[in-house]
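Just so you know, the sequences run in chain order A and B.
Sequential numbering of the first sequence, starting at 1, is according to the working numbering.
Sequential numbering of the second sequence, starting at 1001, is according to the working numbering.
Number of protein chains: 2
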Amino acid sequence: MREAYHEELASLSDGLVEMARLVGSAIGRATTALLDADLQVAEGVISADVQVDDLQRDLEERAIALLARQQPVATDLRTVVTSLRMSADLERCGDLARHVAQLARLRYPGHAVPGDLHRTVLEMGQLAQRLMAQAVEVLVTRDVEAALQLEQDDDRMDELHRMIFRHLMDGRWQHGVETAVDVTLVGRYYERFADHAVSVARRMVFLVTGEHADEYTADTPFAP
Amino acid sequence: MREAYHEELASLSDGLVEMARLVGSAIGRATTALLDADLQVAEGVISADVQVDDLQRDLEERAIALLARQQPVATDLRTVVTSLRMSADLERCGDLARHVAQLARLRYPGHAVPGDLHRTVLEMGQLAQRLMAQAVEVLVTRDVEAALQLEQDDDRMDELHRMIFRHLMDGRWQHGVETAVDVTLVGRYYERFADHAVSVARRMVFLVTGEHADEYTADTPFAP
Chain A
1 MREAYHEELA SLSDGLVEMA RLVGSAIGRA TTALLDADLQ VAEGVISADV QVDDLQRDLE
61 ERAIALLARQ QPVATDLRTV VTSLRMSADL ERCGDLARHV AQLARLRYPG HAVPGDLHRT
121 VLEMGQLAQR LMAQAVEVLV TRDVEAALQL EQDDDRMDEL HRMIFRHLMD GRWQHGVETA
181 VDVTLVGRYY ERFADHAVSV ARRMVFLVTG EHADEYTADT PFAP
Chain B
1001 MREAYHEELA SLSDGLVEMA RLVGSAIGRA TTALLDADLQ VAEGVISADV QVDDLQRDLE
1061 ERAIALLARQ QPVATDLRTV VTSLRMSADL ERCGDLARHV AQLARLRYPG HAVPGDLHRT
1121 VLEMGQLAQR LMAQAVEVLV TRDVEAALQL EQDDDRMDEL HRMIFRHLMD GRWQHGVETA
1181 VDVTLVGRYY ERFADHAVSV ARRMVFLVTG EHADEYTADT PFAP
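Below, the structure is given as structure tokens:
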């Protein structure tokens, strides 16, 4: 009984790691689709998102079954509840990667992102993928230091997001309103993706230390 | 023991109702702040959001305590887990109302929304508030018909969101890039607010009937 119990707990963690790997890969490929205007890659990201949704539903069912059968308390109970929360973060990351790919598809064969923002958006995409890789590490190791590091690395995402806003609003924008709308949404998708990766890390800090990493809501809607 | 148990379950539901009422009021006031460029109202919405965050944290703690002490199974267990999910939806609605108010504050004493979109944004704001009022009703009555109605009413939000995109992209936009960016974000905030209200209703349908109201993810990032 005890053995099955720990296996079930471990399998929740495995499910989270699998989700995080999938959405990390998805945001990387979505960035490629966006910057290269690659329709095939975009379609791949869009159709793959259902796997993430299925994994989440499966994880939720297993968490509820575990609560019902094993009735965990203390740390184990918090682990299960935290898993539910993390899986919601990761499911949302899958949606956001899909949105980036959907934008690439919508503008194909054109490019949604103009050349002068290519480098900034590439850095956002790579950073988002790297933050998710760090989240995977945190899920596997439960390392609080690594989790806190994620938060610091996310500062760069906010900076990149501000750079996009400044570029949009400095009065020299030459790419028209449609592209301004596209770039606004793209910036928001990457920033929210990063916020959810940070959220996974913060939940781990709380689980391990019992202390909130800081106040929640990294979401900064507007650049100062 | 049993009586305390049912009181605790009921108090989770009360907490959700309180959160839903607060965020419904917040989105209404945020819309006023946005359309009237009313700084005082905006500040009120922004500073009140912490109440919603506190309620969510409190609800989460009480849910975990209930799971540990009472070890509910079957429907009661699903009710507790669903409450956790609903509280995350409602907490996010509070953030989104705050974002609308923050935009009003950022552009004060100017108006973030130009006159020709005033009516559309007003309707989005009113609809968002109404959807949340319906969600409150669903939380109180557990009425599946009312929950399904919410989904239909949300179609109008998607339509309004598409109207904004069409207006932005019809080539006659006269308000510059900054305002285009503002309006893009505002449209997204209202749409996401509505999605979370619908999500609360769907979770209730699942809780009551055991069937998913439909596939999830009402989130439609781009207008066709």
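Backbone N, C-alpha and C fix where the C-beta goes; we use that ideal spot for every residue, glycine too.
Note that the structure is a prediction, hence the values are computed from the model and not measured.
ask   = VAL1081(B) touches chain A at which residues, Cβ-Cβ below 9 Å?
value = For the purposes of this step, residue 1081(B) is identified with residue 81 of the second sequence, where counting begins at 1. Result: GLU60, ALA63, ILE64, LEU67, VAL81, LEU84.
Which value, in whole angstroms, describes the spacing of the CA atoms of ARG172(A) and GLY1176(B)?
Here residue 172(A) refers to the residue found at position 172 when the first sequence is read from its first residue. Here residue 1176(B) refers to the residue found at position 176 when the second sequence is read from its first residue. Each residue's alpha carbon lies about 11 Å from the other.
Practice prompt. Please report the Cβ distance between LEU59(A) and GLY94(A), rounded to the nearest whole angstrom; I am assuming they are in contact, meaning their Cβ atoms lie under 8 Å.
Written response: On the first sequence, position 59 is the one that residue 59(A) refers to. On the first sequence, position 94 is the one that residue 94(A) refers to. Actually they do not touch by this definition, with Cβ atoms about 13 Å apart.
Here's the rule I'm using: 16 or more other beta-carbon atoms within 10 Å means buried, otherwise exposed. How should ALA128(A) be labelled?
Along the first sequence, read from residue 1 onward, the residue named residue 128(A) stands at position 128. Here ALA128(A) is buried, its C-beta having at least 16 other C-beta atoms within 10 Å.
Considering Cα atoms alone, identify which of GLU1145(B), HIS1167(B), ALA1197(B) is closest to VAL1208(B).
Taking the second sequence and counting its residues from 1, one reaches residue 1208(B) at position 208. When each option's Cα is compared against that of VAL1208(B), the closest is GLU1145(B).
Cβ neighbour criterion (16 or more within 10 Å) applied to HIS1196(B): Locating residue 1196(B) in the second sequence gives position 196, where the first residue counts as 1. For HIS1196(B), the number of other beta carbons within 10 angstroms of its own is at least 16, and it is reported as buried.
Cα-Cα separation, ALA1194(B) to ARG2(A): As a position in the second sequence, residue 1194(B) is number 194, starting the count at 1. As a position in the first sequence, residue 2(A) is number 2, starting the count at 1. Rounded to the nearest whole angstrom, the C-alpha separation of ALA1194(B) and ARG2(A) is 44 Å.
So, at 7 Å on beta carbons, what are the nonlocal neighbours of MET1163(B) in its own chain, with the 5 sequence-adjacent residues on each side left out?
For the purposes of this step, residue 1163(B) is identified with residue 163 of the second sequence, where counting begins at 1. Excluding five sequence positions before and after MET1163(B), the CB atoms of its chain that fall closer than 7 Å to its own CB belong to THR1120, given in chain order.
Point to revise | is_contact[THR184(A), chain B] using C-beta, thresh 8 Å | key: As a working note, residue 184(A) is residue 184 in the first sequence. Interface residue, yes.
Chain A residues whose Cβ lies nearer than 9 Å to that of ALA951(B)
In this structure chain B extends from 1001 to 1224, so residue 951(B) is not present and cannot be described.
- Throw me the rounded Cβ distance for the VAL200(A) and VAL138(A) pair, which I believe falls under 8 Å. Indexing the first sequence from 1 puts residue 200(A) at position 200. Indexing the first sequence from 1 puts residue 138(A) at position 138. VAL138(A) and VAL200(A) do touch by the CB rule: their CB atoms are close to 7 Å apart, below 8 Å.
| query | Rounded to the nearest angstrom, how far is the Cβ of PRO1114(B) from that of THR1031(B), given a contact under 8 Å? | reply | What you label residue 1114(B) is simply residue 114 of the second sequence in a count that begins at 1. What you label residue 1031(B) is simply residue 31 of the second sequence in a count that begins at 1. A Cβ-Cβ distance of about 15 Å is found for the pair PRO1114(B) and THR1031(B), leaving them out of contact under the 8 Å criterion.
- Item | Residue of ALA135(A), LEU168(A), LEU148(A) minimising C-alpha distance to GLU18(A) | Locating residue 18(A) in the first sequence gives position 18, counting from the first residue. Out of ALA135(A), LEU168(A), LEU148(A), ALA135(A) has the C-alpha closest to the C-alpha of GLU18(A).
Helix, strand or coil: which one does DSSP assign to TYR108(A)?
-> Position 108 of the first sequence, counted from the first residue, corresponds to residue 108(A). Looking at TYR108(A) - three-state DSSP - the assignment turns out to be coil, as it is neither helix nor strand.
Whole alpha helix (DSSP H) elements within the segment 31-110 of chain A, 4-residue minimum: The segment 31-110 of chain A contains these whole alpha helix (DSSP H) runs: 39-70, 74-107.
- request: Would you mind working out which of VAL1081(B), LEU1039(B), ARG1069(B), ASP1158(B) sits nearest ALA63(A), comparing C-alpha positions?
  value: In the first sequence, counting from the first residue as 1, residue 63(A) sits at position 63. Closest option to ALA63(A), Cα to Cα, is VAL1081(B).
### Task
Helix, strand or coil for ASP155(A), going by three-state DSSP, please let me know.
In the first sequence, counting from the first residue as 1, residue 155(A) sits at position 155. If DSSP states are grouped into helix, strand and coil, ASP155(A) belongs with the helices.
Listed in chain order, which residues of the segment 160-175 of chain A have Cβ atoms closer than 7 Å to some Cβ of chain B?
-> When C-beta distances to chain B are compared with 7 Å, the residues of the segment 160-175 of chain A below that value are LEU168, MET169, TRP173, in chain order.
Discussion item. Going by C-alpha to C-alpha distance, which of PRO72(A), SER87(A), ARG92(A) sits closest to ARG1192(B)?
Written reply: Translated into positions along the second sequence, residue 1192(B) becomes position 192. Out of PRO72(A), SER87(A), ARG92(A), ARG92(A) has the C-alpha closest to the C-alpha of ARG1192(B).
**OP:** Give a yes or no on contact between the segment 1096-1114 of chain B and the segment 1149-1163 of chain B, applying the rule of three or more CB pairs nearer than 8 Å.
**Re:** Verdict: no, contact absent.
Exercise. So which residues on chain B does ARG119(A) lean against when the C-beta distance must stay under 8 Å?
Worked result: Reading the first sequence from its first residue, position 119 is the one you call residue 119(A). The contacting residues do not exist; ARG119(A) stays about 20 Å from chain B at best.
Exercise. Between ASP89(A) and the rest of its own chain, which residues show a CB-CB distance below 7 Å, the 5 nearest in sequence each way excluded?
Worked result: Position 89 of the first sequence, counted from the start, is the residue given in the question as residue 89(A). Hits under 7 Å: HIS196, SER199, VAL200.
Determine whether the Cβ of VAL1073(B) lies closer than 8 Å to any Cβ atom of chain A. Residue numbering aside, residue 1073(B) sits at position 73 when the second sequence is read from its first letter. It does: the Cβ of VAL1073(B) has a partner Cβ on chain A nearer than 8 Å.
| field | Short Cβ contact (8 Å threshold) for GLU29(A) with VAL50(A) | value | Taking the first sequence and counting its residues from 1, one reaches residue 29(A) at position 29. Taking the first sequence and counting its residues from 1, one reaches residue 50(A) at position 50. Rather than Glu, the amino acid found at residue 29(A) in this sequence is Arg. No, the pair does not count as a contact, with Cβ atoms beyond the cut-off.
task: Work out the CA separation of TYR5(A) and THR1240(B) for me, nearest whole Å.
output: The question about residue 1240(B) has no answer here: the residues shown for chain B are numbered 1001 through 1224.
Exercise. Do we get a CB-CB distance below 8 Å when we pair ARG1202(B) with the residues of chain A?
Worked result: Indexing the second sequence from 1 puts residue 1202(B) at position 202. Residue contact check for ARG1202(B) against chain A: no CB pair falls below 8 Å.
Name the chain A residues whose beta carbon is nearer than 7 Å to that of ARG1078(B)?
Numbered from 1 along the second sequence, position 78 holds the residue referred to as residue 1078(B). Neighbours of ARG1078(B) on chain A, chain order: ILE64.
*asked:* Whole angstroms are fine: how far does the CA of LEU9(A) sit from the CA of GLU211(A)?
replied: The residue labelled residue 211(A) in the question sits at position 211 within the first sequence. The residue labelled residue 9(A) in the question sits at position 9 within the first sequence. The straight-line gap from Cα to Cα measures roughly 22 Å.
Taking the alpha-carbon of GLU61(A) as reference, which of SER87(A), ALA48(A), GLU43(A), ARG202(A) has the nearest alpha-carbon?
Here the question's residue 61(A) lines up with position 61 in the first sequence. It is SER87(A) whose Cα lies nearest to the Cα of GLU61(A).
| query | Among GLY125(A), MET132(A), LEU106(A), which has the Cα closest to the Cα of LEU39(A)? | reply | Against the first sequence, residue 39(A) aligns to sequence position 39. It is LEU106(A).
_Please tell me whether VAL41(A) has its Cβ less than 8 Å away from any Cβ of chain B._
Within the first sequence, residue 41(A) is the residue found at index 41, counting from 1. Output row for VAL41(A): interface = no.
- Are the C-beta of THR1217(B) and some C-beta of chain A separated by less than 8 Å? As a working mapping, residue 1217(B) is identified with position 217 in the second sequence. Unreliable placement is indicated for THR1217(B), whose pLDDT of 43 sits below 50; no coordinate value is reported for it.
| Cut-off 8 Å between Cβ atoms - residues of its own chain near LEU122(A), not counting five sequence neighbours on either side | As a position in the first sequence, residue 122(A) is number 122, starting the count at 1. Within the same chain, Cβ atoms closer than 8 Å to the Cβ of LEU122(A) are found at THR31, LEU35, the five residues on either side in sequence being excluded.
Rounded C-alpha distance that separates LEU55(A) from GLU7(A) = Position 55 of the first sequence, counting from 1, holds the residue named residue 55(A). Position 7 of the first sequence, counting from 1, holds the residue named residue 7(A). CA-CA distance, LEU55(A) to GLU7(A), rounds to 17 Å.
- Query: Do ALA104(A) and ALA33(A) come within 8 Å of each other at the CB atom, strictly closer than that value?
  - Reply: Stepping through the first sequence from its first residue, residue 33(A) is reached at position 33. Stepping through the first sequence from its first residue, residue 104(A) is reached at position 104. Contact: yes.
Count the other C-beta atoms from every protein chain shown that fall within 10 angstroms of the C-beta of VAL73(A), then say buried if there are 16 or more, exposed otherwise.
-> Along the first sequence, one-based indexing puts residue 73(A) at 73. It is exposed - the Cβ of VAL73(A) has fewer than 16 other Cβ atoms within 10 Å.
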